[in-house]
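Using this note's numbering, the first residue of the sequence shown is number 98, and each one after it goes up by one.
Encoded as structure tokens, the structure appears first; notes follow it.
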Amino acid sequence: MNYQLILEEIEKEIQPELSKGKVADYIPALASVDGNQFAMTITLKDGTQYSVGNYLEQFSIQSISKVLAFSLAIDIYSKTLYKRVGVEPSGSPFNSLVQLEYENGIPRNPFINAGAIVVADALMSHFGGEYASLEKIMNFTREISANKDIKFDSLVAKSEMEHASRNLSLAYLMKSFGNLDNSVELVVKNYFKQCAITMNTQDLSRAMLYLAFKGKDPISNKEFLSEPQAKRVNALMLTCGHYDASGEFAFHVGLPAKSGVGGGIIAVVPNIMSIAVWSPRLNKYGNSHAGTLALEKFTTKTGLSIF
Ligand code: GLU
98 MNYQLILEEI EKEIQPELSK GKVADYIPAL ASVDGNQFAM TITLKDGTQY SVGNYLEQFS
158 IQSISKVLAF SLAIDIYSKT LYKRVGVEPS GSPFNSLVQL EYENGIPRNP FINAGAIVVA
218 DALMSHFGGE YASLEKIMNF TREISANKDI KFDSLVAKSE MEHASRNLSL AYLMKSFGNL
278 DNSVELVVKN YFKQCAITMN TQDLSRAMLY LAFKGKDPIS NKEFLSEPQA KRVNALMLTC
338 GHYDASGEFA FHVGLPAKSG VGGGIIAVVP NIMSIAVWSP RLNKYGNSHA GTLALEKFTT
398 KTGLSIF
């Protein structure tokens with residue numbers, strides 16, 4: 098298959114869609130991003146990459162970081178983690194409070210904000226504080242992407258902390274149910290820092306190879322997750338990776354994937370490749386509008402979906 102040609106076709110076809118949707122502006126530091134950008138990269142087992150568009154442009158990975166933090170946490174806590182965070186789709190927006198109240202402060206899954214905040218708390222407890230925990234997440238991200246220069250953008254993290262009422266509410270509610278061990282402010286701050294990691298589609302696509310290949314990076318041969326753990330992370334991406342549009346995403350694209358409000362989406366084609374796409378304008382569910390369409394076009398043109 099001529100992947101470069103397919104990506105170029107998609108880039109051309111997607112142009113009329115780039116002006117549709119809205120850049121996330123509830124985090125002021127993200128509001129200034131040029132919304133009409135598009136990038137897509139695929140990475141094969143041997144590391145060969147094909148890219149189109151602004152693939153060197155760094156962007157805020159936001160909720161894609163939930164996959165990284167959860168990968169670390171599942172490796173540490175195994176199934177005991179599910180006592181604090183579930184594995185069911187929420188059918189609710191990413192920052193919804195409603196289910197948390199009547200489900201006793203146990204978030205539905207680790208890919209909604211409440212779940213990711215619990216995961217951030219668990220990592221802080223395990224690694225002995227916010228600095229050590231953030232360092233572990235950063236090092237993990239650098240290792241899986243084979244790029245030691247990856248950083249987080251402290252301005253984006255600070256900007257989000259200044260507008261954090263909703264996430265602080267989620268964290269306080271969980272704390273009231275005894276599902277948060279550390280200080281609410283410190284956990285939410287650390288969660289924002291992990292969300293503020295900046296990467297481009299080349300880095301992100303490379304980073305996800307471990308999930309495309311059963312937990313083991315096929316280039317470095319490092320095992321980041323066991324095969325059953327990788328199965329679980331991929332299953333959660335398929336069922337919960339796009340919030341209340343997860344069913345729609347699976348219906349149209351048919352791949353395990355995770356989005357972020359920075360406009361990035363990562364997806365894996367098991368045993369074949371990992372994909373990263375980025376376009377900052379979001380649809381009403383908070384997922385990249387053009388990015389979602391590009392992935393749909395990719396699986397339709399190549400036949401590479403899990404179904
Ligand atoms: N930092 C964002 C928040 O907590 C992440 C949301 C997302 O990317 O979906 O609101």
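Built from N, CA and C at the ideal position, the CB exists for glycine as well.
Bear in mind the structure is a predicted one, so any value in this text is a computation, not a measurement.
Taking buried to mean at least 16 other C-beta atoms within 10 Å of its own C-beta, is residue i buried or exposed?
i, result
"F289", "buried"
"Y228", "exposed"
"H339", "buried"
"V195", "exposed"
"P325", "exposed"
"G400", "exposed"
"A332", "exposed"
"G226", "exposed"
"N99", "exposed"
"I238", "Rather than Ile, the amino acid found at residue 238 in this sequence is Thr. Counting Cβ neighbours within 10 Å, T238 comes out buried, since at least 16 surround it."
"G360", "buried"
"Q101", "exposed"
For residue i, I'd like the list of residues in its chain whose CB is within less than 7 angstroms of its CB, leaving aside the five on either flank, ordered along the chain.
i, result
"K272", "V281"
"N133", "L115 and S116"
"S230", "L220, M221, F224 and N287"
"T298", "A136, M137, T138, S148, Y152, A373, V374 and W375"
For residue i, which residues in the same chain have their Cβ closer than 6 angstroms to its Cβ, ignoring the five residues on either side in sequence?
i, result
"G388", "I362, V374 and S376"
"E257", "I124 and F289"
"K355", "I161, V164, M334, G338 and I363"
"A217", "V284, N287 and Y288"
"I316", "G144"
"K233", "F224"
"I209", "S187 and F191"
"Q155", "T295 and N297"
Expressed to the nearest angstrom, what Euclidean distance is found between the alpha-carbon atoms of residue i and residue j?
i, j, result
"S385", "K117", "10 angstroms"
"K328", "F321", "13 angstroms"
"L352", "D131", "28 angstroms"
"E240", "D278", "28 angstroms"
"A170", "Q112", "39 angstroms"
"M83", "K248", "With the chain covering 98 to 404 only, the question about residue 83 has no answer from this structure."
"I103", "A391", "11 angstroms"
"M245", "H260", "Inspection of the sequence shows that residue 245 is occupied by Lys rather than by Met. The straight-line gap from Cα to Cα measures roughly 30 angstroms."
"S251", "S262", "19 angstroms"
"G212", "G383", "17 angstroms"
"K381", "V358", "11 angstroms"
"Y307", "K313", "5 angstroms"
"T336", "Y179", "16 angstroms"
"V366", "S266", "36 angstroms"
"A243", "V350", "28 angstroms"
"K311", "L301", "17 angstroms"
"A126", "A293", "10 angstroms"
Among the residues of its own chain, which have a CB less than 8 angstroms from the CB of residue i, if the five just before and after it don't count?
i, result
"K398", "I103, E106 and I107"
Legend entry - Stretch pair the stretch 261–275 + the stretch 188–206: three plus CB contacts closer than 8 angstroms: yes
Legend entry - Cβ pair count under 8 angstroms reaching 3, the stretch 176–190 against the stretch 332–349: yes
Legend entry - 3 or more residues per run - each beta strand (DSSP E) lying fully within the stretch 179–252: none
Inset, instruction - Flag this pair as touching only if the stretch 105–112 and the stretch 149–169 have three or more C-beta atom pairs under 8 angstroms; answer yes or no. - result: yes
Inset, instruction - Scan the stretch 326–375 and note each continuous beta strand (DSSP E) run of 3 residues or more that stays entirely inside, going in chain order. - result: 354–356, 361–366 and 370–375
Inset, instruction - Could you tell me which uninterrupted beta strand (DSSP E) segments, each at least 3 residues in length, are contained entirely in the stretch 265–330, listed from first to last along the chain? - result: 294–296
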